[in-house]
Amino acid sequence: MPTSVGFLGKASRFIRSLLFSLGMLSSITLFAPLVVLGFFLPFRQRYGISQIWAAFNIWWLRITCGIDYRVSGNEHIPDRPVVVMAKHQSTWETLFLNQYLPPMSWVVKRELLWLPLFGWALGALRPIAINRQSGSLAVRQVIRQGVNYLRQGQWVLIFPEGTRTAPGTRNRYGLGGAVLATQSGCPILPVALNAGEFWPRRGFIKYPGTVQVVFGPLLESVDRSPQDLIRQVEDWIESNMRLISEVPAPAPSPATGQPES
Numbered sequence: 122m123p124t125s126v127g128f129l130g131k132a133s134r135f136i137r138s139l140l141f142s143l144g145m146l147s148s149i150t151l152f153a154p155l156v157v158l159g160f161f162l163p164f165r166q167r168y169g170i171s172q173i174w175a176a177f178n179i180w181w182l183r184i185t186c187g188i189d190y191r192v193s194g195n196e197h198i199p200d201r202p203v204v205v206m207a208k209h210q211s212t213w214e215t216l217f218l219n220q221y222l223p224p225m226s227w228v229v230k231r232e233l234l235w236l237p238l239f240g241w242a243l244g245a246l247r248p249i250a251i252n253r254q255s256g257s258l259a260v261r262q263v264i265r266q267g268v269n270y271l272r273q274g275q276w277v278l279i280f281p282e283g284t285r286t287a288p289g290t291r292n293r294y295g296l297g298g299a300v301l302a303t304q305s306g307c308p309i310l311p312v313a314l315n316a317g318e319f320w321p322r323r324g325f326i327k328y329p330g331t332v333q334v335v336f337g338p339l340l341e342s343v344d345r346s347p348q349d350l351i352r353q354v355e356d357w358i359e360s361n362m363r364l365i366s367e368v369p370a371p372a373p374s375p376a377t378g379q380p381e382s
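In case it helps, our numbering puts the sequence shown at residues 122 to 382.
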């Protein structure tokens, strides 16, 4: 978490954050073309290149900015396809989940695919690229493509709040991931993490510390309604956020089920 520091401390954090950013950008210029030019490789090998890139950046972040991580709940990670639904506070978890879990299809906004190099590489990794403005059409696309990928043995990752949230805040959980799980019959693997306390969203400066990552028990989807399932996902993630975060999200109101203001 950010703490009060003097001028030298602030200058050191700026330089360390700059070094990380330069390393990350340099690694993109190296690895992204390898992913794109590896279009003829089997998908898992192509995805493996991106995992090496992500692992390098997680390591480089620890070296330059002092951000480490601690994982609990490893025993809940299965050896079968699942829908991963994770808290989204930072860019950090996009790197971590990419290198830590089996090959996944990411639900992303389609604009990311337009970015030079990075977007081209992302497009080669079977993402589900949606137009956020298309509403129900986007949800149907996630379900159609997601079911297809899950049947091929590829995991699907969805950030249920749709966008990054600052520590201490909480967005509405979308229903799309729960619908995908019930339609496919695959369980949901919930993930709570507090990366935004060390790498703030839209923030350049990083703060040293240890990110807590918690994988939860699988939430089975068979004979469940999407509404009931997403409620269980939200309850599990947010209750665990209150345990691991120094800036917990507000508890839901008993009357409305919505976060109290």
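Note that beta-carbon positions come from the ideal geometry of N, C-alpha and C, so glycine has one too.
Just so you know, these numbers come straight off a predicted model, no measurement behind them.
Worksheet item: Where are the beta strand (DSSP E) runs, 3 residues long or more, that stay fully inside the stretch 161–234, in chain order?
Response: 188–193, 204–207, 225–230
Worksheet entry | Own chain partners of SER193 with C-beta closer than 8 Å, once the 5 adjacent residues on each side are dropped | For the purposes of this step, residue 193 is taken as residue 72 along the sequence shown, with counting starting at 1. Cβ within range, chain order: GLN333, VAL334, VAL335, PHE336.
Worksheet item: How is ALA245 classed by DSSP in three states: helix, strand or coil?
Response: The residue you call residue 245 lines up with position 124 of the sequence shown. DSSP places ALA245 in coil when its eight states are reduced to three.
Fill in: N-terminal and C-terminal residue of the alpha helix (DSSP H) that THR303 is part of
For the purposes of this step, residue 303 is identified with residue 182 of the sequence shown, where counting begins at 1. Here the alpha helix (DSSP H) through THR303 covers 297–305.
Discussion item. Buried or exposed, going by whether 16 or more other CB atoms sit within 10 Å of the CB of ARG137?
Written reply: Taking the sequence shown and counting its residues from 1, one reaches residue 137 at position 16. Under this definition ARG137 is a buried residue.
Discussion item. Please report the straight-line C-alpha distance between PRO347 and ALA316, rounded to a whole angstrom.
Written reply: For the purposes of this step, residue 347 is taken as the residue at position 226 of the sequence shown. For the purposes of this step, residue 316 is taken as the residue at position 195 of the sequence shown. Their Cα atoms are separated by approximately 28 Å.
Discussion item. Quick check: the Cα distance between THR290 and ARG363, rounded to an integer number of angstroms?
Written reply: Walking along the sequence shown from the start, residue 290 turns up at place 169. Walking along the sequence shown from the start, residue 363 turns up at place 242. Taking the CA atoms as reference points, THR290 sits about 11 Å from ARG363.
Practice prompt. Consult DSSP for THR286 and reduce its assignment to one of helix, strand or coil.
Written response: Sequence index remark: in the sequence shown, residue 286 carries index 165 (1-based). THR286: coil per DSSP, three-state reduction.
Worksheet item: Quick one: what's got a C-beta closer than 8 Å to TRP350's C-beta in the same chain, skipping five residues either side?
Response: Position 229 of the sequence shown holds residue 350. The sequence given here has Leu at residue 350, not Trp. Answer for LEU350: ALA299, ALA302, THR303, ILE309, LEU340, SER342, listed in chain order.
Worksheet item: Cβ of ALA242 within 8 Å of Cβ of VAL157?
Response: Along the sequence shown, one-based indexing puts residue 242 at 121. Along the sequence shown, one-based indexing puts residue 157 at 36. Yes, the pair counts as a contact, with Cβ atoms nearer than the cut-off.
Worksheet entry | Buried/exposed call for PRO338, threshold 16 Cβ in 10 Å | Numbered from its first residue, the sequence shown carries residue 338 at position 217. Answer is exposed; the Cβ neighbour count stays below 16.
Discussion item. For the ligand NAD, is there any heavy atom lying closer than 7 Å to the beta carbon of SER148?
Written reply: The ligand NAD is absent from the structure shown, which contains no ligands of any kind.
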